[in-house]
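In the working numbering, the protein residues as written are 10 to 461.
Glycine included, each C-beta is placed from N, C-alpha and C at the ideal position.
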């Protein structure tokens, strides 16, 4: 069902192109819409994504002319990227001069590296320092730092309003400091006074009249935001090292590029219908992580090109999960197959790489002062449909690699097509099943933050 124009107008009012690039504009710009408007916009974006992402309907493979020549596929992908690269860079892609540079996995994204950075750089009495103590408290009970971070932020989001109300205001009614609130939170966590999550209010209900703001400096806000990104950095050093080797495999690169190109090709007709229905190409802004409109978002002309940022997103967030599946089987990159790829996509969802809880920051007076009004859980709106696309097509194109050896029990032609037909849709095997449903059907965010 088509949403009304009011919802699109509200989305465009609160999410301009620069904020759409960052997605979590609260951290980048220290500016956030009120929580109920954030939730309203999130639901609007989710409705767009559900109706517009490619579904992989049966039909001729749009990549058929390139599939027998990996070099030709790479050249086709790079030509599509370079003709629209200024737009892609505007929406978060790195401005690399060669395709290989996008296949990167940073060792700095490991749980241990992120924890060490926090330990070495965060002052104990800062807001981030108090939050880090709470994370360490749960980690000490055997939970991983990333999972501890998610649990702490979930509790903090639930109890934020009560915690602020219990902290005394400063002289003249000045809002309490965030550090004071987080210190009180840590004490309550240690003493066991924090209860389970109560039933949540209606997502777009207006906020209560009383304020739930606390204050901190710009620098403290940015430090706090860097710390809670630990909730998404859930991979071990070994998983990242193996992911780095996976990212260099020509066969896997072929599968990643083909999967991305297929998504863009199958989305073109849907994107055109969506823009026609709404009367503006700006309705395509939520899809800039996957593809960009070469002519921009003020032009009525639609000419989609892949955003190479998505390749880096997959390398950062999915390949380490694939590596984790191999590590669990005591195997290395040479054991990679289509079944492991499909399992890795599902593991990425399960491990929370497409969701995070963030602060709602607001610039305030005096200068260099920020208000924190609460926390909001953000889930990529495309997590489920995009993961299904990857689970279906990554294994399919991995097996379609020219000269690939048949899998045990399959004839060569079935191995190459996934369904016995060179242009057919993959069968409903492990690669065709949808991923585990994302547990949070609520607030949305960018799958790529921080991607590069």
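* For the beta strand (DSSP E) that residue 89 lies in, which residues bound it at each end? -> To locate residue 89, count along the chain shown from 1; it is residue 80. Where residue 89 is concerned, there is no enclosing beta strand (DSSP E), although the alpha helix (DSSP H) it sits in stretches over 79 to 91.
* If we count Cβ pairs, one from each stretch, closer than 8 Å, do we get three or more for the segment 313 to 330 versus the segment 92 to 99? -> Contact holds: three or more Cβ-Cβ distances are below 8 Å.
* Uninterrupted alpha helix (DSSP H) stretches inside the segment 256 to 294 (no shorter than 4 residues) -> Counting only unbroken stretches of 4 or more residues, the alpha helix (DSSP H) elements lying wholly within the segment 256 to 294 are 259 to 287, in sequence order.
* Which runs of the alpha helix (DSSP H) spanning at least 4 residues fall entirely within the segment 345 to 405, listed in chain order? -> As far as the segment 345 to 405 is concerned, its whole alpha helix (DSSP H) runs of at least 4 residues are 347 to 359.
* To do: State the Cα-Cα distance for the pair residue 191 and residue 21, rounded to the nearest angstrom.
  => Reading the chain shown from its first residue, position 182 is the one you call residue 191. Reading the chain shown from its first residue, position 12 is the one you call residue 21. Answer to the nearest angstrom: the Cα atoms are 34 Å apart.
* C-alpha gap between residue 354 and residue 363, whole angstroms -> The sequence position of residue 354 within the chain shown is 345, counting from 1. The sequence position of residue 363 within the chain shown is 354, counting from 1. If I take the Cα positions, the gap works out to 11 Å.
* Asked: Roughly how many angstroms lie between the CA atoms of residue 168 and residue 370, to the nearest whole one?
  -> By 1-based counting over the chain shown, the position of residue 168 is 159. By 1-based counting over the chain shown, the position of residue 370 is 361. Rounded to whole angstroms, the gap between the alpha carbons of residue 168 and residue 370 is 17 Å.
* Between residue 127 and the rest of its own chain, which residues show a CB-CB distance below 6 Å, the 5 nearest in sequence each way excluded? -> Your numbering for residue 127 matches position 118 in the chain shown. Here the set comprises 141 and 236.
* To do: State the Cα-Cα distance for the pair residue 222 and residue 361, rounded to the nearest angstrom.
  => Translated into positions along the chain shown, residue 222 becomes position 213. Translated into positions along the chain shown, residue 361 becomes position 352. Distance from the CA atom of residue 222 to the CA atom of residue 361, rounded to whole angstroms, is 28 Å.
* Who are residue 313's beta bridge partners in DSSP? -> Against the chain shown, residue 313 aligns to sequence position 304. DSSP links residue 313 through a beta bridge to 302.
* Asked: How should residue 119 be labelled, buried or exposed, when 16 other C-beta atoms within 10 angstroms of its C-beta is the threshold for buried?
  -> As a first step, residue 119 is located in the chain shown; it is residue number 110 there, counting from the start. Around the C-beta of residue 119, 16 or more other C-beta atoms lie within 10 Å, and the residue is accordingly described as buried.
* DSSP beta-bridge partners for residue 335? -> Residue numbering aside, residue 335 sits at position 326 when the chain shown is read from its first letter. Per DSSP, none; premise fails for residue 335.
* Rounded Cβ spacing between residue 6 and residue 114 (contact assumed at less than 8 Å) -> With the chain represented from 10 up to 461, any question about residue 6 goes unanswered, as that position is not in the structure.
* To do: Using 10 angstroms around the beta-carbon of residue 215, count the other beta-carbons present and answer buried if the total reaches 16, otherwise exposed.
  => Indexing the chain shown from 1 puts residue 215 at position 206. Confidence in residue 215 is poor, its pLDDT being 49 and thus under 50, which makes the residue's placement unreliable; the coordinate value appears in the next sentence. Looking at its Cβ environment, which holds fewer than 16 other Cβ atoms inside 10 Å, residue 215 is exposed.
* **Delimiting residues of the beta strand (DSSP E) encompassing residue 225** => Stepping through the chain shown from its first residue, residue 225 is reached at position 216. Note, residue 225: beta strand (DSSP E), 223 to 226.
* Asked: Which residue or residues does DSSP assign as beta-bridge partners of residue 40?
  -> Stepping through the chain shown from its first residue, residue 40 is reached at position 31. Partner(s): 371.
* **DSSP bridge partner residues for residue 186 (one or two, in chain order)** => Translated into positions along the chain shown, residue 186 becomes position 177. In DSSP, residue 186 forms a bridge with 224.
* Taking contact to mean at least 3 C-beta pairs separated by less than 8 Å, is the segment 296 to 308 in contact with the segment 325 to 333? -> The answer is no - the segment 325 to 333 does not touch the segment 296 to 308, with fewer than three Cβ pairs under 8 Å.
* Kindly give me the distance between the Cβ atoms of residue 380 and residue 224, rounded to whole angstroms, as I take these residues to be in contact under 8 Å. => Taking the first residue of the chain shown as 1, we reach residue 380 at position 371. Taking the first residue of the chain shown as 1, we reach residue 224 at position 215. Cβ-Cβ separation between residue 380 and residue 224: approximately 6 Å, consistent with a contact (criterion under 8 Å).
* Buried versus exposed, by CB contacts within 10 Å (16 or more), residue 130 -> For the purposes of this step, residue 130 is taken as the residue at position 121 of the chain shown. It is exposed - the Cβ of residue 130 has fewer than 16 other Cβ atoms within 10 Å.
* **Three-state secondary structure assigned by DSSP to residue 240** => On the chain shown, residue 240 is found 231 positions in, with the first residue counted as 1. Helix at residue 240.
* Does the segment 382 to 401 come within contact of the segment 49 to 58, defined as at least 3 CB pairs closer than 8 Å? -> Output reads yes: the segment 49 to 58 touches the segment 382 to 401.
* Locate the alpha helix (DSSP H) running through residue 178, then write down its first and last residues. => Position 169 of the chain shown, counting from 1, holds the residue named residue 178. No alpha helix (DSSP H) holds residue 178; DSSP gives it neither H nor E.
* Asked: Does the Cβ-Cβ distance between residue 261 and residue 335 come in under 9 Å?
  -> Counting from 1 along the chain shown, the entry for residue 261 is found at position 252. Counting from 1 along the chain shown, the entry for residue 335 is found at position 326. Not in contact: residue 261 and residue 335 (Cβ atoms no closer than 9 Å).
* To do: Pair every Cβ in the segment 100 to 117 with every Cβ in the segment 318 to 325, then say whether three or more of these pairs are closer than 8 Å.
  => Contact between the segment 100 to 117 and the segment 318 to 325 is present, with at least three C-beta pairs closer than 8 Å.
* Asked: From residue 227 to residue 373, what distance separates their C-alpha atoms?
  -> By 1-based counting over the chain shown, the position of residue 227 is 218. By 1-based counting over the chain shown, the position of residue 373 is 364. Distance between residue 227 and residue 373, taken at the CA atoms: about 10 Å.
* To do: Please report how far the alpha carbon of residue 88 lies from the alpha carbon of residue 340, in whole angstroms.
  => Walking along the chain shown from the start, residue 88 turns up at place 79. Walking along the chain shown from the start, residue 340 turns up at place 331. Using only the alpha carbons, I get a separation of about 36 Å.
* To do: State the DSSP-derived secondary structure class of residue 410, mapped to helix, strand or coil.
  => Sequence index remark: in the chain shown, residue 410 carries index 401 (1-based). Here residue 410 carries a coil assignment [DSSP, helix/strand/coil].
* Leaving out five residues before and five after residue 143 in sequence, what residues of the same chain have Cβ atoms less than 6 Å from its Cβ? -> For this step, residue 143 is matched to residue 134 along the chain shown. Sequence-distant Cβ neighbours of residue 143 in its own chain, meaning closer than 6 Å and more than five residues away, are 161, 195 and 198.
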